[in-house]
Amino acid sequence: MALLLEKNAVKKLLITDVSPRDGLQNQAKYFSTQDKLWLVEALSACGVPRIEATSFVAPTAVPQMADAADLLAAVSDSTKDKLCVLVPNQKGLWRAQEAGAREVCVVLSATETMNQRNIRMSLANALSTCLTVLAQAQEAGIRTRAYVAVAFACPFEGQTSPDVALRLAKQMADAGADEVVIADTIGAAHPVQVSNLMRLLMADIGPGRLGIHLHDTRGLGLANAWAAMQAGVQRFDSSAAGMGGCPFAPGAAGNLATEDLAWLAHESGYETGIDLPALLQVVEGLSNRLQKPLGGRSYAWLKQHFSRFPGTTDLEAASGFPS
Ligand code: COA
Ligand code: ZN
Numbered sequence: 623m624a625l626l627l628e629k630n631a632v633k634k635l636l637i638t639d640v641s642p643r644d645g646l647q648n649q650a651k652y653f654s655t656q657d658k659l660w661l662v663e664a665l666s667a668c669g670v671p672r673i674e675a676t677s678f679v680a681p682t683a684v685p686q687m688a689d690a691a692d693l694l695a696a697v698s699d700s701t702k703d704k705l706c707v708l709v710p711n712q713k714g715l716w717r718a719q720e721a722g723a724r725e726v727c728v729v730l731s732a733t734e735t736m737n738q739r740n741i742r743m744s745l746a747n748a749l750s751t752c753l754t755v756l757a758q759a760q761e762a763g764i765r766t767r768a769y770v771a772v773a774f775a776c777p778f779e780g781q782t783s784p785d786v787a788l789r790l791a792k793q794m795a796d797a798g799a800d801e802v803v804i805a806d807t808i809g810a811a812h813p814v815q816v817s818n819l820m821r822l823l824m825a826d827i828g829p830g831r832l833g834i835h836l837h838d839t840r841g842l843g844l845a846n847a848w849a850a851m852q853a854g855v856q857r858f859d860s861s862a863a864g865m866g867g868c869p870f871a872p873g874a875a876g877n878l879a880t881e882d883l884a885w886l887a888h889e890s891g892y893e894t895g896i897d898l899p900a901l902l903q904v905v906e907g908l909s910n911r912l913q914k915p916l917g918g919r920s921y922a923w924l925k926q927h928f929s930r931f932p933g934t935t936d937l938e939a940a941s942g943f944p945s
């Protein structure tokens, strides 16, 4: 009886697909504005509830994101409401605002060196910039997310002290960020660290505002996601096809793949709103456009499975499919 109740209880995960930003920022092949528009609209059509569409950064720093304003201008109005965009400074916020962005993400790295390498600011300067941008965005009625990057480990300074990550996350929460996202930027965290930090933060920030952003460099992406889910986290970043990585953080491999996370979530009784077979087509579209095989760890199996059982939703497939 208890098992049945548990199965019937509806639990939800809010997934933000970051493939158009984190996924593309590191790609050597230029992805045209038209292709970016296809990606954003296709993710939206799959039921992905939120999408990090682009970043308003210096085009000299990340040439792939130079068309941020053009992309936003081309997106349909219904999709636009699902989008957030990354801004590294006030100029980024002004550009995003002018382009009609409804949600912006600020980035604060937990270490001195990562801030210097990523946005050429000291930690203190990055913190005050984030606080200013958050305040200005709020005043303009723009929703906000605040990343705490390299929250578990930094490619330059090694392990990040949990006390530092906690303090910075709380500062972002106190500044009124609508969501505080703890980022394992280089995919170096393990589940015990994730569990410990997210449980502490959950007590302060709560499931409505606390999110996590995972990379899958060491094969622990899903295990870390599960640890976060068990800690009560309901907001996750992931990237279609597992694309991703910060160009300024050496050793960062792709993000946790959205298809892997959605599959784990659905198998475990969480709703995401994502149509998994449709998402697999987006992954295929990305592979074709970037001319290389892409996809998360479950992709090959999922693709074969849904082609054997066309028309099934993954939840139906999960209950009693043949091996
Ligand atoms: N968008 C576009 N151009 C910007 C900008 C922004 N948000 N911020 C600054 N610039 C321009 C300035 O206008 C200036 O242009 P000019 O040379 O034509 O006058 C030039 O960039 C340098 O400005 P400065 O303020 O000195 O910036 P910087 O060289 O110290 O670089 C950042 C700082 C933040 C702009 C840059 O490091 C950056 O964009 N980083 C993004 C990193 C990133 O995307 N990481 C991955 C995601 S976390
Ligand atoms: Zn990332």
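Mapping to this note's numbering: the sequence shown position 18 is 640, numbers consecutive.
Think of the CB as a built atom: it goes at the ideal place given N, C-alpha and C, for glycine as much as any other residue.
Every value quoted in this text rests on a predicted model; they were computed, and no experiment measured them.
Boundaries (first-last residue) of the beta strand (DSSP E) holding residue i
i, result
"C706", "L705 to L708"
"L665", "L665 -> not in any beta strand (DSSP E); alpha helix (DSSP H) instead, spanning T655 to A667."
"T638", "L636 to D639"
"S817", "Taken as a continuous stretch (DSSP letters only), S817 belongs to no beta strand (DSSP E), being part of the alpha helix (DSSP H) at P813 to I827."
"D692", "Premise fails: D692 lies in the alpha helix (DSSP H), A690 to A696, not in any beta strand (DSSP E)."
"L842", "Premise fails: L842 is in no beta strand (DSSP E) and is neither H nor E."
"T682", "T682 -> no beta strand (DSSP E), and no H or E assigned at all."
"G833", "L832 to L836"
Endpoints, alpha helix (DSSP H) assigned at residue i
i, result
"T880", "T880 to E889"
"R717", "Q712 to E720"
"A773", "Here A773 belongs to no alpha helix (DSSP H), and DSSP marks it neither H nor E."
"D644", "No alpha helix (DSSP H) holds D644; DSSP gives it neither H nor E."
"T701", "D699 to K702"
beta-carbon residue i near ligand 2 non-hydrogen atom, thresh 7 Å
i, result
"T638", "no"
"H888", "no"
"T807", "yes"
"G956", "Absent from the model: residue 956. The displayed extent of the chain is 623 to 945, so no value can be given."
"D703", "no"
"G866", "yes"
"D785", "no"
"H812", "no"
"D644", "yes"
"N877", "yes"
"H837", "yes"
Nearest-angstrom Cβ-Cβ length linking residue i and residue j, presumed shorter than 8 Å
i, j, result
"L878", "H837", "7 Å"
"A759", "A805", "In fact, because the Cβ distance is near 19 Å, the residues do not count as touching under 8 Å."
"A690", "S698", "Contact flag wrong, Cβ pair sits at about 17 Å."
"S861", "T880", "6 Å"
"G895", "P671", "5 Å"
"K704", "S654", "With a Cβ gap of about 21 Å, K704 and S654 do not count as contacting."
"R857", "L636", "5 Å"
"D800", "T751", "Actually they do not touch by this definition, with Cβ atoms about 18 Å apart."
"I764", "A795", "In fact, because the Cβ distance is near 17 Å, the residues do not count as touching under 8 Å."
"A811", "V802", "In fact, because the Cβ distance is near 16 Å, the residues do not count as touching under 8 Å."
"F778", "R739", "7 Å"
"L924", "L886", "Rounded, the Cβ-Cβ distance is 12 Å, inconsistent with contact."
"Q647", "P872", "The pair is not a contact, with the Cβ atoms about 14 Å apart (cut-off 8 Å)."
"G918", "G864", "4 Å"
"G722", "L694", "6 Å"
"D859", "H835", "4 Å"
"G809", "A875", "6 Å"
"L950", "L908", "Outside the modelled stretch of the chain, which goes from 623 to 945, sits residue 950, for which no answer is possible."
"P813", "A849", "4 Å"
query = How would the residue list near ligand 1 read, in chain order, if you kept each one whose beta-carbon is closer than 6 Å to any heavy atom?
reply = Q647, S677, F678, V679, A680, A683, V684, L708, P710, N711, K713, G714, R717, V729, N740, I741, R742, C868 and F870
task = Let me know the alpha helix (DSSP H) ranges lying completely inside the segment 724 to 783, each 4 residues or longer, listed in chain order.
result = 734 to 741 and 745 to 761
key: Contained beta strand (DSSP E) runs [length at least 3] in the segment 853 to 935, N- to C-terminal order   = Given a length threshold of 3 residues, each whole run of the beta strand (DSSP E) inside the segment 853 to 935 is given here in chain order: 857 to 860.
message = Which runs of the beta strand (DSSP E) at least 3 residues long sit entirely within the segment 782 to 813? Give them in chain order.
response = 801 to 806
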